[in-house]
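Enquirer: Residue numbers (the working numbering): 620 to 911. Mind looking over this structure? Questions follow.
In C-alpha cells form, the structure reads like this:
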C-alpha cells in the first residue's frame, strides 16, 4: 500500500514537472523566440510593419478600452498626490502612446490594407475614444492643478499640455471628431507663445523641474497640430532651437536630461529615456540638426 502511494506521488510530481516545464516554455521562452522571429522576417530596408504588430494591437485594444473606461468611472484619479508619479502621469502618458501607436498602424494599413482585415481606427474605436475621454477628464489633471494652481493649462506644465496637444490631435485624425479642436488650438497657441517668450526657450514640467525632452516633444506636437488647424508655427520652431544649444548640452554634446529653465544650464546629463524622445521627435522638428 505504501509503495502504491509512493508510486502515485511520483506520477503526480512527474506530471506537475512536465506541466511547469511547458508553462515555463510558453510564458518565458516562446515570447522571446516569437519576437526574434518577427524581427528577422521584418523588412528592415523599408521598416514596414508586419501583421504581428496588428495582431498584438487588436488584442490589446479591448483590454485598454476596459481599463480606461473603468478607471474613468472610478474617479480615483482625483485622489492621488503629486508624489505618486505612477498613478498620475502614466495613465495619461500610456493613453497618448496608445493613440500614437494606433495612428502609426493606421498609416501602415492605409498603405497596405492586407496587413489587417479591419483598419485600426475601426477595431480600436472604443479604445481610441476612451483614451481621449481620459485625457479630457478634469480628475486626471488634478495632480498638475495641485502643482500649478488653477492656471495650470496656461502656465508652464509642459508635460501635461504636450499630452493634450498630441493626444487630441491624434484622436482627431483617427476619428474625424472635432470635439477637442478648441483645446488643441488654445494649447498650441499658448504653449508656443510661452516657449517663445521664455528666457532660454525652456519651460518646466513641475515647479523646479525642466525636462528638455518634454519641451522638444511639445514643439513637435505643435507642428503636428498645424496640419489639422491650418496654422503655421515653423518660424516658432526655428526660434525654439535656442533651447537645445549651448549650456543645456552636457559634456558630450547631448541635450541634458534635466535643465534649469531659468538658468538654461544642465542640471543632470543626458539619459536614455530623454534621448529616446529626442531621437524620435527631433527629426520632425529640425531634420538637419537632428542628424548630429
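For each residue, glycine too, the CB sits at the ideal point set by N, CA and C.
(1) Determine the direct distance from the alpha carbon of residue 735 to that of residue 808, and round the result to whole angstroms.
(2) Tell me, to the nearest whole angstrom, how far the beta carbon of residue 726 is from that of residue 775; I am working on the premise that it is less than 8 Å.
(3) Please report the distance separating the alpha-carbon of residue 821 from that of residue 802.
(4) Starting from residue 807 and walking both ways along the alpha helix (DSSP H), at which residues does that stretch end?
(5) So for residue 624, helix, strand or coil by DSSP?
(6) For residue 716, tell me which candidate among 679, 700, 696 has the shortest Cα-Cα distance.
(7) I want to know whether the stretch 837 to 845 touches the stretch 871 to 878 - three or more CB-CB distances under 8 Å.
(8) Taking buried to mean at least 16 other C-beta atoms within 10 Å of its own C-beta, is residue 884 buried or exposed?
(9) What are the boundary residues of the beta strand (DSSP E) that includes residue 887?
(10) Would residue 905 be called buried (16 or more neighbouring beta carbons within 10 Å of its own) or exposed?
(11) Tell me the start and end of each unbroken alpha helix (DSSP H) in the stretch 664 to 696 that is at least 4 residues and wholly inside, in chain order.
(12) Using only the alpha-carbon positions, how far apart do residue 749 and residue 741 sit?
(13) Please list the terminal residues of the continuous alpha helix (DSSP H) segment that includes residue 785.
(14) Residues in the same chain with beta-carbon distance under 8 Å from residue 890, minus the five sequence neighbours each way, listed in chain order, please.
(15) Which term fits residue 714, buried or exposed, when burial requires 16 or more other beta carbons within 10 angstroms of its beta carbon?
(16) With a CB to CB cut of under 7 Å and the five nearest residues on each side skipped, what residues in its chain are close to residue 783?
(17) So what's residue 830 in DSSP terms, helix, strand or just coil?
(18) Only counting the same chain, and skipping five residues up and downstream in sequence, which positions put a Cβ closer than 6 Å to that of residue 746?
Expert: The answer reads as follows:
(1) Against the chain shown, residue 808 aligns to sequence position 189. Against the chain shown, residue 735 aligns to sequence position 116. So the two alpha carbons sit approximately 38 Å from each other.
(2) Reading the chain shown from its first residue, position 107 is the one you call residue 726. Reading the chain shown from its first residue, position 156 is the one you call residue 775. Actually they are not in contact, since the Cβ atoms of residue 726 and residue 775 sit about 33 Å apart, beyond 8 Å.
(3) On the chain shown, residue 821 is found 202 positions in, with the first residue counted as 1. On the chain shown, residue 802 is found 183 positions in, with the first residue counted as 1. About 22 Å.
(4) Taking the chain shown and counting its residues from 1, one reaches residue 807 at position 188. Taken as a continuous stretch (DSSP letters only), the alpha helix (DSSP H) holding residue 807 covers 800 to 816.
(5) Reading the chain shown from its first residue, position 5 is the one you call residue 624. Caution is warranted here: a pLDDT of 48 is assigned to residue 624, below 50, making its placement in the model unreliable, and the coordinate value is therefore given only provisionally. Looking at residue 624 - three-state DSSP - the assignment turns out to be helix.
(6) Taking the chain shown and counting its residues from 1, the one referred to as residue 716 is at position 97. The option with the nearest alpha carbon to residue 716 is 679.
(7) no
(8) For this step, residue 884 is matched to residue 265 along the chain shown. Residue 884 should be labelled exposed.
(9) In the chain shown, the residue the question calls residue 887 occupies position 268. Counting along the chain, the beta strand (DSSP E) containing residue 887 begins and ends at 885 to 887.
(10) As a first step, residue 905 must be located in the chain shown, where it is residue number 286. Burial call: buried.
(11) 670 to 693
(12) Taking the first residue of the chain shown as 1, we reach residue 749 at position 130. Taking the first residue of the chain shown as 1, we reach residue 741 at position 122. Distance between the alpha carbons of residue 749 and residue 741: 14 Å.
(13) Working through the chain shown from its first residue, we reach residue 785 at position 166. Element bounds for residue 785: 777 to 794.
(14) Residue 890 sits at position 271 when you count from the first residue of the chain shown. So the list reads 876, once near-sequence residues are dropped.
(15) Position 95 of the chain shown, counted from the first residue, corresponds to residue 714. Buried: at least 16 other Cβ atoms inside 10 Å.
(16) Position 164 of the chain shown, counting from 1, holds the residue named residue 783. Excluding residues within five positions, the ones whose Cβ falls inside 7 Å are 754, 802, 806.
(17) Reading the chain shown from its first residue, position 211 is the one you call residue 830. Of the three classes helix, strand and coil, the one that applies to residue 830 here is coil, per DSSP.
(18) Your numbering for residue 746 matches position 127 in the chain shown. Correct list, in chain order: 680, 683, 684.
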